[in-house]
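Anchor point for the sequence shown: position 216 equals 215 in numbering that gives the first Met the number 0, and the numbering is continuous, going up by one each time. Heads up, the beta-carbon is just placed ideally off N, CA and C, and yes, glycines get one too. From a predicted model like this one, the values you see are computed outputs, not experimental measurements.
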Amino acid sequence: MPGDVVLEVKDLHTYFFNRRGITKAVDGVSFTLREGETLGIVGESGCGKTMTARSLLRIIPRPAARIVSGEVILDGENLVTMSDEEMRQVRGSKIAMIFQDPQTSLNPVFTIGNQVIEALGTHEGGRNRNLFDRAVDALRSVRVAAPERRMHDFPHQMSGGMKQRVLGAIAIGSAPRVIIADEPTTALDATIQLQYLRLLKDIQEETGMAIIFITHDFGIVARMCDSVAVMYAGRVVERGDVRQLFNDPGHPYTQALMASVPQMERTDRLFAIDGQPPALYAIGNQVIEALGTHEGGRNRNLFDRAVDALRSVRVAAPERRMHDFPHQMSGGMKQRVLGAIAIGSAPRVIIADEPTTALDATIQLQYLRLLKDIQEETGMAIIFITHDFGIVARMCDSVAVMYAGRVVERGDVRQLFNDPGHPYTQALMASVPQMERTDRLFAIDGQPPALYALPDGCRFADRCGHARDICHQEYPQPGEAAEGHVAHCWMLHKVWQDAVPVTAEAG
0 MPGDVVLEVK DLHTYFFNRR GITKAVDGVS FTLREGETLG IVGESGCGKT
50 MTARSLLRII PRPAARIVSG EVILDGENLV TMSDEEMRQV RGSKIAMIFQ
100 DPQTSLNPVF TIGNQVIEAL GTHEGGRNRN LFDRAVDALR SVRVAAPERR
150 MHDFPHQMSG GMKQRVLGAI AIGSAPRVII ADEPTTALDA TIQLQYLRLL
200 KDIQEETGMA IIFITHDFGI VARMCDSVAV MYAGRVVERG DVRQLFNDPG
250 HPYTQALMAS VPQMERTDRL FAIDGQPPAL YAIGNQVIEA LGTHEGGRNR
300 NLFDRAVDAL RSVRVAAPER RMHDFPHQMS GGMKQRVLGA IAIGSAPRVI
350 IADEPTTALD ATIQLQYLRL LKDIQEETGM AIIFITHDFG IVARMCDSVA
400 VMYAGRVVER GDVRQLFNDP GHPYTQALMA SVPQMERTDR LFAIDGQPPA
450 LYALPDGCRF ADRCGHARDI CHQEYPQPGE AAEGHVAHCW MLHKVWQDAV
500 PVTAEAG
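Have a look at this one:
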């Protein structure tokens, strides 16, 4: 049960000042957070979620942005009135943040080990001989495989999900009182995501730290959070106990936001809220350049076409946004600009690599519906890379499940969802958070094998409860689970029935 109040935010206002006037990015936000409590903050891209978090740590982009008024009370001390030096001592040791984008948070010229050690040493006022071992333990705690070897890797040698876990190790390493997790599972697949979330809950139970969880995934909120705050245009429009709010949302925006969430069992027409949230924040040149390059030159219509491309991916006030630079846009807004560039020249094939990870539920569904509409109009093919099974159910005709560099199962999306043939697919689907489930987080034990040391047999065998001796000796041949539905699993072959179970052999 949550304990004493550890953080209290009172009427916080953070404004941006520029030639266009004042942008009220955070406009009167208030909430309290208790020891051991997890507060989820949800809302559309650009609504002020991340800016609220950055205001708490006082890492807003100055001098353009300024905390105009309000209080942030951490353990009885007001962070807003602290000196910069005092705040440096608090930041990281008492309140820390896991950022959304590891690509910009990790230094590309230093090894992972140096960066974890530096963070631990800074928060403790120096270095000692145990920091290396503690850094290894921190990496291990967030499920980084072979952490001793990974200490010597550079960020470019790691996947996006692995880099996100490193950020988690840096944040958690000094056992802060409050962790702010800004979309920390965006780059992780469902099973690793659940391991990561379960890890946060385990650490929270051990230490009593409080968590502010910023996300657009309502399934994660249902599993992770005690309470939830819904933000729109810089304000908290609804807040309450997570079960009460999910069962009976009171604000029309909350109701629409929840109706936009894709579910695995729903394959009907995508629903999205019409329109865009009000814009709170030289993109145009980049869109124009892409359009012009594909057509072999520029013409006087490119500006108008670029504006239309931005409008088609739900960028609010596109004419004005044409003059913005990337740093002036939220993560979700930048993702939509990439969509405009890709779709603008009507290609035959679109490869969409996690295109909605930075988008909240309503904008995500608008974006997906847009892709489907364009596909129906042009006949373009789409390869959709995602870890969100709800999106797969709504968007895809067929699905391929990959594990450790191989496709382990492929088939019609409905057949595969109704009767998954591979144990990894079954476990992956069981790991997906759902709004109606608030029980203990489920995750597959263990980690995927390192790609530089792959086993001879099935690559999932070490984590599979059905594994037999043959599974460890030889990679399985494809077996047909149904017509057009194939899985690489020995369970679909007679040889598996005759094989000795690994547990029996060991015993």
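Limits of the alpha helix (DSSP H) - the one that residue i falls within
| i | result |
| --- | --- |
| Arg393 | Phe388 to Met394 |
| Pro101 | Pro101 to Ser104 |
| Asn17 | Not the alpha helix (DSSP H): Asn17 falls in the beta strand (DSSP E), residues Val4 to Asn17. |
| His471 | Asp468 to Gln472 |
| Pro146 | Pro146 to Arg149 |
| Phe245 | Val241 to Asn246 |
| Met379 | Run containing Met379: none; DSSP gives neither H nor E here. |
| Arg222 | Phe217 to Met223 |
| Phe416 | Val412 to Asn417 |
| Pro251 | Pro251 to Ala258 |
| Pro422 | Pro422 to Ala429 |
| Val485 | Val485 -> not in any alpha helix (DSSP H); beta strand (DSSP E) instead, spanning His484 to His487. |
| Ala174 | Counting along the chain, Ala174 falls outside any alpha helix (DSSP H), and DSSP gives it neither H nor E. |
| Ser54 | Lys48 to Leu56 |
| Ser140 | Leu130 to Ser140 |
Buried versus exposed call for residue i [16 or more other C-beta atoms within 10 Å across all chains shown]
| i | result |
| --- | --- |
| Ser54 | buried |
| Lys493 | exposed |
| Pro422 | buried |
| Leu450 | exposed |
| Leu269 | Confidence is the limiting factor: at Leu269 the pLDDT is only 48, short of 50, which leaves the residue's position unreliable, though a coordinate-based value still follows. It is buried - the Cβ of Leu269 has at least 16 other Cβ atoms within 10 Å. |
| Ser82 | exposed |
| Pro154 | buried |
| Pro325 | exposed |
| Arg297 | A caution first: Arg297 carries a pLDDT of 49, below 50, which makes its placement in the model too unreliable to give a value. |
| Asp10 | exposed |
| Thr385 | buried |
| Ile390 | buried |
| Met321 | buried |
8 angstroms contact criterion, which residue i and residue j should meet: CB distance rounded
| i | j | result |
| --- | --- | --- |
| His215 | Asp359 | 4 angstroms |
| Ser329 | Leu369 | Wrong, their Cβ atoms sit about 18 angstroms apart, outside the cutoff. |
| Asn113 | Ala63 | With 8 angstroms as the limit, Asn113 and Ala63 do not qualify as a contact, their Cβ atoms being about 31 angstroms apart. |
| Leu105 | Lys162 | 6 angstroms |
| Arg149 | Leu138 | 6 angstroms |
| Asp225 | Thr37 | 5 angstroms |
| Leu193 | Ser430 | 4 angstroms |
| Ile111 | Glu7 | Not quite, the Cβ-Cβ distance comes to about 35 angstroms (not below 8 angstroms), so this is no contact. |
| Ile373 | Ile342 | 6 angstroms |
| Val165 | Pro101 | 7 angstroms |
From the options, residue whose alpha carbon lies closest to that of residue i
| i | options | result |
| --- | --- | --- |
| Gly338 | Leu367, His326 and Gln327 | Leu367 |
| Leu187 | Gln203, Glu204, Lys200 and Met157 | Met157 |
| Arg222 | Arg164, Tyr195, Arg467 and Leu453 | Tyr195 |
| Ala315 | Asn284, Gly343, Gln365 and Ser344 | Gln365 |
| Asp74 | Leu32, Lys48 and Pro107 | Leu32 |
| Asp461 | Arg320, Gln446 and Arg319 | Gln446 |
| Gly91 | Ile59, Glu76 and Ala118 | Ala118 |
| Arg132 | Val115, Ala345, Ala52 and Thr121 | The amino acid occupying residue 132 in the given sequence is Asp; Arg does not appear at that position. Closest option to Asp132, Cα to Cα, is Val115. |
| Lys333 | Glu318, Leu309 and Arg319 | Leu309 |
| Arg57 | Cys463, Thr80 and Gly45 | Thr80 |
| Leu491 | Gly420, Gly456, Pro448 and Thr424 | Gly420 |
| Val108 | His465, Ala52, His151 and Trp495 | His151 |
| Ala228 | Asn129, Asn417, Leu415 and Thr51 | Thr51 |
| Asp444 | Thr190, Asp307, Ala145 and Ile66 | Thr190 |
| Trp495 | His465, Arg304, Glu479 and Ala305 | His465 |
| Ser68 | Met379, His12 and Pro183 | His12 |
| Cys463 | Glu482, Thr424, Gly483 and Ala480 | Thr424 |
| Ala481 | Pro448, Arg467, Cys470 and Asn417 | Asn417 |
Unbroken beta strand (DSSP E) run spanning residue i, endpoints
| i | result |
| --- | --- |
| Ala24 | Gly20 to Arg33 |
| Arg313 | Run containing Arg313: none; DSSP gives neither H nor E here. |
| Tyr402 | Ser397 to Tyr402 |
| Leu73 | Ala64 to Leu73 |
| Ile178 | Val177 to Asp181 |
| Ile350 | Val348 to Asp352 |
| Leu198 | Unbroken run through Leu198 is the alpha helix (DSSP H), Ala189 to Thr206; no beta strand (DSSP E). |
| Phe212 | Ala209 to Ile213 |
| Val79 | First-last for Val79: undefined, no H or E at that position. |
| Leu38 | Thr37 to Gly42 |
| Met321 | It is not in any beta strand (DSSP E) - Met321 carries neither H nor E in the DSSP assignment. |
Heavy atom of the ligand ZN within 7 angstroms of residue i beta-carbon
| i | result |
| --- | --- |
| Val71 | Ligands are entirely absent from the displayed structure, and the ligand ZN is therefore not among its contents. |
CB contact check: residue i to chain B, cutoff 8 angstroms
| i | result |
| --- | --- |
| Ser29 | Structure shown: chain B not included; a single protein chain is present. |
(request) Mind the definition here: the segment 347-355 touches the segment 237-250 only if three or more C-beta pairs lie below 8 angstroms; say whether that holds. (result) The segment 237-250 and the segment 347-355 do not touch, with fewer than three beta-carbon pairs separated by less than 8 angstroms.
(message) Contact between the segment 165-175 and the segment 93-100 is defined here as three or more beta-carbon pairs at a separation below 8 angstroms; is this criterion met?
(response) Yes: the two stretches touch, three or more of their Cβ pairs being nearer than 8 angstroms.
(message) For the structure I just gave you, are there three or more beta carbon pairs, one from the segment 215-234 and one from the segment 27-41, closer than 8 angstroms?
(response) yes
(request) Report yes or no: do three or more beta-carbon pairs, one from the segment 227-235 and one from the segment 26-36, lie closer than 8 angstroms? (result) yes
(request) Decide if the segment 204-212 is in contact with the segment 175-186; the criterion is three or more beta carbon pairs, one per stretch, under 8 angstroms apart. (result) At 8 angstroms Cβ cutoff, the stretches touch.
(message) Check whether the segment 484-492 and the segment 400-411 touch, using three or more Cβ-Cβ pairs below 8 angstroms as the test.
(response) In short, these stretches touch, since the Cβ pair count reaches three.
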